[in-house]
Amino acid sequence: MPRTIISTHNVRKVYQKGAAATVALDGVSVEIQEGEYVAIIGKSGAGKSTLLYQLSLLDEPTEGEVIFLGKPTASLTDTQRTLLRLEHLGYIFQDYALLPELTATENVMVPMLMRGVEEEDARARAQEALRRVEMGHRLNNRPNELSGGEQQRVSIARAIADAPDILFADEPTANLDTVMSFEVLEQFDRLHREGLTIVTVTHELEYARRANRVIELRDGKILRDGPAEEVIREREAEIAEMTKELSQ
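Numbered as in numbering that gives the first Met the number 0, the sequence shown ends at 247 without a single skipped number.
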């Protein structure tokens, strides 16, 4: 039976600005199992990225609990939380987050060096990760010498180089054209086939369909959660009905 890597229990996230409070997540409970490929979808403001940030331990809930490998995370210090992220989690962001003065290899090395991995070992792992995402010919190029798709592949290599338990991706194709987007998504497909657990946020139903499970959020709550084809079929039927009503 697959193990639960991370879960949330009745998580609520409220952003306070002066007297105004915005509820981004409202009692969300979800479990991510080892080996899953999960896509989180929903309209802008639905809480997609907020949920991803809770699952990936980049933010803390206002209420509720986040459990990682069976252990509550609420009592972790900032240092413990940072070390846990470096050791167990991989991250991909829509803006690539590459350091412009470093080569592809050096960018991939950064999280490992922060964790205390020896430089020679980190370099070897970085170059192997870059080859896994078909960037072996770009090891010594800097970000300004790479296309958007290539930069995102470097960020994927950085995320997987230290063998994370789970990979988180927040709108990883948002800044890419269609061709480059599919190149990146094909890398995700391959990594998932190799056994990596992936959780991604996307606006595109076509891209979400590549996952094996889809979680749809609406107004900070889970609207649907199930097999990708089933959830997307229901969402597409809903969109078609709304379009029909608007055209009448």
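Here a beta-carbon is modelled for each residue, glycine too, at the ideal position from N, C-alpha and C.
Beta-carbon spacing of residue i, residue j below 8 Å
i, j, result
"Gly46", "Leu204", "no"
"Val13", "Ile197", "no"
"Leu253", "Val153", "Residue 253 lies beyond the stretch modelled for the chain, which goes from 0 to 247, so this question has no answer here."
"Leu50", "Ile39", "yes"
"Val107", "Ala156", "yes"
"Ala173", "Arg124", "no"
"Ala158", "Thr199", "no"
"Ile221", "Pro171", "no"
"Ala210", "Ala227", "yes"
"Gln126", "Thr104", "yes"
"Arg2", "Gly26", "no"
"Ala73", "Glu64", "yes"
"Leu112", "Arg84", "no"
"Ser6", "Glu30", "yes"
"Gly34", "Gly148", "no"
"Ile165", "Ile4", "yes"
"Asn140", "Pro99", "no"
"Leu184", "Tyr206", "yes"
"Leu54", "Pro163", "no"
"Val22", "Gly225", "no"
"Arg212", "Ile231", "no"
"Gln269", "Leu97", "Because the chain in this structure spans residues 0 to 247, residue 269 falls outside the shown range and cannot be described."
"Val132", "Gln93", "no"
Boundaries (first-last residue) of the beta strand (DSSP E) holding residue i
i, result
"His202", "Where His202 is concerned, there is no enclosing beta strand (DSSP E), given that its DSSP letter is neither H nor E."
"Thr7", "Thr3 to Lys16"
"Ala20", "Ala19 to Gln32"
"Arg248", "Outside the shown range of the chain (0 to 247) lies residue 248, about which nothing can therefore be said."
"Gly63", "Glu62 to Phe67"
Where residue i falls: helix, strand or coil (DSSP)
i, result
"Ala168", "strand"
"Pro226", "strand"
"Ala162", "coil"
"Leu101", "coil"
"Tyr36", "strand"
"Lys243", "helix"
"Thr76", "coil"
"Asn106", "helix"
Alpha helix (DSSP H) segment containing residue i, residue limits
i, result
"Val178", "Thr177 to Arg192"
"Leu54", "Lys47 to Leu54"
In DSSP terms, what residue i is bridged to
i, result
"Glu127", "In the DSSP output, where bridge partners are listed per residue, Glu127 has none listed."
"Gly148", "Paired residue(s): none; Gly148 is not in a bridge."
"Tyr90", "Phe167"
"Ile197", "Tyr36 and Leu166"
"Ile221", "Leu216"
"Lys42", "Bridge partners of Lys42: none, in fact."
"Pro142", "Beta-bridge pairing links Pro142 to no other residue."
"Pro71", "Ile66"
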